[in-house]
Amino acid sequence: MSTRHLIRLLVIVITLHAFPAVAENTLATAVYTGNFSFLTITAERKLVHNQDTLYTFSQETDNFMGSIIEQSQFHLNPDRSLTPYRYLYRQKILGKTKAYEMHFDWEKMQARYLHDGEQQIIALEKGLLDPLLYQLQLQKDARNNRETLSYRFLKKNKIKHYTFQRAGEESITFNNQENKTLKIHRVPADDKRETLIWLSPEHLYQIARIVHTENGESNSLVIKSAESSPEFQNWLSH
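Encoded structure:
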């Protein structure tokens with residue numbers, strides 16, 4: 208498997224130390240593992256409550272080639288919607304490091320994209336998320352049985368639009384147990400690329416498995432363990 212394909216997969220699963228430390232209350236964690244062309248990958252996701260309306264959703268993916276760190280700081284609004292505040296991406300593969308940040312200014316309705324010491328200003332749209340935060344919104348929407356699973360988010364200096372469609376319930380095996388899941392897939396799919404995701408109701412609709420196929424090559428991750436605090440279920444509601 209090429210380094211390029213590996214990097215794409217790591218981004219899909221799609222942190223812990225990228226922003227200044229603040230007092231935090233951990234709401235949920237999940238650990239994943241995967242095997243890709245003799246490569247073993249592990250990933251950890253974590254949601255913490257920093258203070259007041261400020262939260263941090265993070266993901267760190269590692270293997271012997273390097274690591275990818277993503278971190279989204281966001282606000283939980285009174286209407287339970289999520290508003291990104293700051294996003295950081297840091298990749299170190301085979302000794303080469305790439306990083307960028309996005310800062311969201313909702314009063315001015317603009318974002319600052321910072322990369323290689325340069326800054327670019329991007330106009331924001333109401334409801335826009337970031338590349339990690341839309342995945343948390345997907346979990347909330349599935350938990351609340353929302354019909355529409357469609358998300359717009361800012362990635363670097365471009366606005367992306369992902370739509371997912373329910374494909375029914377499916378039982379899959381992970382952690383040596385049979386688990387009922389909600390299967391969804393990204394649309395539109397084409398002959399070269401397909402993304403399938405299984406969400407686990409037992410784990411409050413965490414991603415239980417993800418399979419990404421591109422140009423005939425399939426890679427996957429599966430959940431290894433998941434923990435959540437009692438308040439996380441209420442946090443996901445509405």
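Just so we're aligned, residue 208 is where the sequence shown starts under this note's numbering, counting upward by one. The beta carbon of each residue, even a glycine, is placed where N, CA and C say it ideally should be. This one's a predicted model, so the numbers in the text were calculated from it and none came from an experiment.
Presumed contact (8 Å Cβ cut-off) between residue i and residue j, rounded CB distance
| i | j | result |
| --- | --- | --- |
| residue 360 | residue 331 | Wrong, their Cβ atoms sit about 11 Å apart, outside the cutoff. |
| residue 342 | residue 289 | In fact, because the Cβ distance is near 11 Å, the residues do not count as touching under 8 Å. |
| residue 349 | residue 388 | With 8 Å as the limit, residue 349 and residue 388 do not qualify as a contact, their Cβ atoms being about 10 Å apart. |
| residue 269 | residue 240 | Contact doesn't hold; Cβ gap of about 11 Å is too wide. |
| residue 407 | residue 382 | That belief does not hold up - the Cβ atoms of residue 407 and residue 382 are roughly 10 Å apart, past 8 Å. |
| residue 236 | residue 434 | 5 Å |
| residue 430 | residue 413 | 7 Å |
| residue 346 | residue 443 | 7 Å |
Assigned secondary structure, residue i (DSSP; H/G/I helix, E/B strand, else coil)
| i | result |
| --- | --- |
| residue 291 | strand |
| residue 405 | strand |
| residue 439 | helix |
| residue 362 | strand |
| residue 343 | helix |
| residue 259 | coil |
| residue 286 | coil |
| residue 353 | coil |
Classification of residue i by the beta-carbon crowding that lies within 10 angstroms, buried from 16 upward
| i | result |
| --- | --- |
| residue 256 | buried |
| residue 263 | buried |
| residue 291 | buried |
| residue 287 | exposed |
| residue 441 | exposed |
| residue 445 | exposed |
| residue 305 | exposed |
| residue 365 | exposed |
| residue 253 | buried |
From the options, residue whose alpha carbon lies closest to that of residue i
| i | options | result |
| --- | --- | --- |
| residue 282 | 355, 307, 374 and 337 | 337 |
| residue 242 | 418, 266 and 436 | 418 |
| residue 314 | 445, 323, 303 and 333 | 333 |
| residue 379 | 409, 363, 278 and 276 | 409 |
| residue 308 | 376, 293 and 374 | 293 |
| residue 295 | 276, 231, 421 and 426 | 276 |
| residue 280 | 391, 339, 247 and 374 | 339 |
| residue 399 | 273, 376, 425 and 316 | 425 |
| residue 274 | 254, 284 and 247 | 247 |
| residue 422 | 405, 411 and 401 | 401 |
| residue 376 | 355, 403 and 238 | 403 |
Quiz item: Taking three-plus beta-carbon pairs below 8 Å as touching, is the segment 360-375 in contact with the segment 388-399?
Solution: yes
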